[in-house]
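J.: Residues in the sequence shown are numbered consecutively from 465, following the working numbering.
Please see the structure below; I have some questions.
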Amino acid sequence: MSETFSTSTSQEILPSEHFLNLPRPDVFIGPGASADNGPDFGGIVDTTTLAAHDFDVDTRTGFMPPDPPIHRLPEQWEPWEAVLEEAMRKGLQLAIREDVTDEERKTSDSWRSEVSNLPTLAIQDLAISEVLLRRAHHVLTFIMHFYIHTLPLTASVVIPASIGIPLLRVSRHLQLPPIATYSDTVLYNWELKKSPSTCEAETGLEWACTLDLDNLKSQDLFTGTRDEEEFFLASARIELRGVEALELMRASMDEMFVGDDIAVRRITSYLSRLAGVIHALTGLLMDVRKGCDPDVFYHRVRPWFCGQDADPAKRTWKFEGIEKCEDGMEEPTDLSGPSAGQSALIHALDIFLGLDNCRSEATPTSGNADARTLLRRMQIYMPRHHRAFLRHLSANPRPMRDFAQTKTPELVDAYNLAVGAVKEFRDAHIRIVALYIVGPATRGRAGEAERGSLKGTGGTQLVQFLKGVRDKTEDALLQ
Ligand code: HEM
């Protein structure tokens, strides 16, 4: 497979001089973001310690970190790691499953008691490193999802202070909602099957250490199934293959700055190549069918991801002890589950091609107005540096769509080729959603589909939302 990227030796923690390890400024440094700036948490990201171009986007791995994320937190936070490990080892079962045995229920009950009895560990020492905070968010949100989705449906959802309070604090540092996100399940949840040193020892060739897309595995899973892992890895492969798209976008923007005839010819060629890359992403998306069974996904895997807005018993989630926190915590309002809709890569393509602003005549019935708001909401769940990257991209003074309209017919064709490729990606995605969600839901006895309320993992009115976004893409084609 030609889809490869190189990686340096795996490191436990980033080098001390890495920008993510620089002293962390106070999280909230300014007034709340305006609607123009996009969503935020009552403060703006302090980018004063970052090089202007550095948004934690790696030239080799894009939005994925170049080194595998750490596996375990230091000793101080071992109690969290231990209960997560135990939940996975014991194979806790979803409370909504009708075939759960009494034995399995007892196992879940005693695991939840253990979680409730954990000490509420301090997190100040985690705040020295972004990498530690990320792992803490991953571990605590996984524990929280295990906790909530093993609770009987008749029980109210009260997240014990032992995990809820540290999670709220870690999330505040990361400016993320206290719930599992795409970054917890995909971006920061992988490792290499074969380490670079093993590859080199086996082949004696340095180039063999390059990571290929089949050399990935997930770190932590709710079900331990291949289906769940392949679901996460399909996105991870798309992120890595998409690095070339990021590079083509950057090169095009540099050429737009020059803007002469040679630049226009180069951009024409970059856009044609971009269409090819997007086409490859569509192939990787469809490949999810090779390892992930739709019924296993729908009935066994997906329910673990549900957020408050898709809670099977429509319960409000409460964080125990939040009112006693001296650091002024408030009940969180953004509690949607993880979704690949939170992938900054796809949003970046939309912004670069000007697909996010098209169709100003959208009406609520067309689904487009809702779709725009929902896509913007998804950015709340992205790592804040990636959110900042998208804002930076949106602020581009020379939007590609405007530029293409004023130049050569060849450029218009190449632009349309790229837009058409995104539209095809979305057509394929709708087919995948039909296969993995609509189909199993309709086949289910009390199927959501039959009740006409089919929701996305992120709580969206699924079909209307996805069609709205796809139509918006098609509308962007230039005449
Ligand atoms: C079995 C595989 C997949 C399923 C079942 C699936 C399901 C969904 C669902 C239900 C939504 C609606 C939003 C929500 O509420 O979550 C959504 C949105 C979205 N998904 Fe997927 N997805 C899959 C794979 C992927 C992959 C691999 C990607 C790319 C990395 C992706 C990218 C997106 C994007 C960008 C959106 C936002 C809507 C749009 O921009 O068209 N999905 N997906």
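Beta carbons are placed, not taken as given, at the ideal position from N, Cα and C, and that holds for glycine.
Using only the alpha-carbon positions, how far apart do PHE889 and THR746 sit?
T.: Straight-line Cα distance between these residues: approximately 5 Å.
J.: Given this structure, state the Cα-to-Cα distance separating ALA546 from THR667, to the nearest angstrom.
T.: So the two alpha carbons sit approximately 37 Å from each other.
J.: Rounded to whole angstroms, what's the CA-CA distance from GLU693 to LEU685? Just pull it up for me.
T.: Looking at the two C-alpha atoms, the distance is approximately 7 Å.
J.: Cβ-heavy atom distance between CYS756 and the ligand HEM below 7 Å?
T.: True, at least one ligand heavy atom lies under 7 Å from that Cβ.
J.: Output the distance between the C-alpha atoms of LEU697 and ASP691, rounded to the nearest integer angstrom.
T.: Each residue's Cα considered, the two are about 10 Å apart.
J.: Are the beta-carbon atoms belonging to ARG524 and VAL707 less than 8 Å from one another?
T.: Yes, the pair counts as a contact, with Cβ atoms nearer than the cut-off.
J.: List the endpoints of the continuous alpha helix (DSSP H) containing PHE783.
T.: Taken as a continuous stretch (DSSP letters only), PHE783 belongs to no alpha helix (DSSP H), being part of the beta strand (DSSP E) at 781 to 783.
J.: Buried or exposed: which applies to THR837, given that a residue is buried once 16 or more other Cβ atoms fall within 10 Å of its Cβ?
T.: Exposed is the call here.
J.: Counting only the same chain and skipping the five closest in sequence on each side, list residues whose C-beta sits under 7 Å from that of GLU550.
T.: For GLU550, where only same-chain residues beyond five positions count, the Cβ hits under 7 Å are TRP575.
J.: Mind the definition here: the region 736 to 754 touches the region 876 to 887 only if three or more C-beta pairs lie below 8 Å; say whether that holds.
T.: These segments touch.
J.: Nearest-angstrom Cα distance between ARG636 and SER733?
T.: About 43 Å.
J.: Please report the residue range of the beta strand (DSSP E) in which GLU655 lies.
T.: Looking at the DSSP string, the run of the beta strand (DSSP E) that includes GLU655 is 654 to 656.
J.: Of all the options VAL650, ASP866, LEU819, PRO863, which has the alpha carbon lying nearest to the alpha carbon of GLY932?
T.: Nearest C-alpha to GLY932: LEU819.
J.: Grab the span of the beta strand (DSSP E) containing SER682 for me, first residue to last.
T.: Taken as a continuous stretch (DSSP letters only), the beta strand (DSSP E) holding SER682 covers 680 to 682.
J.: What would DSSP say about GLY723, mapped onto helix, strand or coil?
T.: Reduced to three states, the DSSP call for GLY723 is coil.
J.: Pull up the CB-CB distance for HIS613 and LEU558, whole angstroms please, since I reckon it's below 8 Å.
T.: Indeed, because the Cβ distance is near 5 Å, the residues count as touching under 8 Å.
J.: Residue range of the alpha helix (DSSP H) that ILE702 falls in?
T.: Start and end: 690 to 705.
J.: Given MET962, which residues of its chain have a CB within under 8 Å of its CB, disregarding the five upstream and five downstream residues?
T.: Outside the displayed span of the chain (465 to 943) sits residue 962, for which this structure offers no information.
J.: Helix or strand or just coil, what does DSSP make of VAL595?
T.: Note: VAL595 maps to helix in three-state DSSP.
J.: Find out if the Cβ-Cβ distance for the pair LEU597, PRO543 is shorter than 8 Å.
T.: Not in contact: LEU597 and PRO543 (Cβ atoms no closer than 8 Å).
J.: Do you know how far the Cα of LEU617 is from the Cα of GLU750?
T.: Checking the displayed sequence, the identity of residue 750 turns out to be Met instead of Glu. Each residue's alpha carbon lies about 34 Å from the other.
J.: So, under 8 Å CB-CB, ASP520 and PRO530 are touching, yes? Tell me the CB distance rounded to an integer number of Å.
T.: The pair is not a contact, with the Cβ atoms about 10 Å apart (cut-off 8 Å).
J.: Does the beta carbon of LEU839 fall short of 7 Å from some heavy atom of the ligand HEM?
T.: Answer for LEU839: yes, Cβ within range of the ligand HEM.
J.: Compare the beta carbon distance of LEU809 and GLY526 with 8 Å and say whether it is the shorter of the two.
T.: Contact flag set, yes.
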